[in-house]
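So in the UniProt record's numbering, spot 45 of the sequence shown is number 45, and the numbers just go up one at a time. Don't be surprised by glycine CBs; every beta carbon is placed ideally from N, CA and C. For clarity, every value in this text was computed on a predicted model and none was experimentally measured. A short write-up of the structure that comes next.
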Amino acid sequence: ENTKVVEFPVAAEGVRTTNTVSMWEQLSLSAFMQRVYSDNQVWATVTFDPETEGHQIAHALDVFQYMLKGVSFLPRDPTRTVYAQAPYDPITKE
């Protein structure tokens, strides 16, 4: 009853969405930011396709274990919102 949720719709032309960037590319970009840009912890919420990438998470964590300090994984499902208050929600023109 006391919780308020605020959403900020954002749309930009020519921007790749998380639906078009693989889990591996997201992890690589996060590792790059950690190595080159930040002295502190870079935290990344990486979205993945449960059907094609879900089985690769353990291997991905092994590959990136010394390159990242903080990462969480959020399954992508284009047909529905996985969580009621998901951090990223696709928007439409409506």
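Inset, instruction - Decide yes or no for the touch test of the segment 61 to 76 against the segment 36 to 43: beta carbon pairs closer than 8 Å, at least 3 of them. - result: yes
Inset, instruction - May I have the straight-line CA-CA distance separating residue 34 from residue 83, to the nearest angstrom? - result: Reading the sequence shown from its first residue, position 34 is the one you call residue 34. Reading the sequence shown from its first residue, position 83 is the one you call residue 83. Taking the straight line from one Cα to the other gives about 28 Å.
Inset, instruction - Please say whether residue 48 and residue 23 have beta carbons closer to each other than 8 Å? - result: Counting from 1 along the sequence shown, the entry for residue 23 is found at position 23. Counting from 1 along the sequence shown, the entry for residue 48 is found at position 48. Their beta carbons are under 8 Å apart, which means residue 23 touches residue 48 by this criterion.
Legend entry - Assigned exposure category for residue 27 - 16 Cβ within 10 Å defines buried: Residue 27 sits at position 27 when you count from the first residue of the sequence shown. Classification for residue 27: buried.
Legend entry - residue 74: first and last residue of the uninterrupted beta strand (DSSP E) it sits in: On the sequence shown, residue 74 is found 74 positions in, with the first residue counted as 1. Its beta strand (DSSP E) spans residues 70 to 75.
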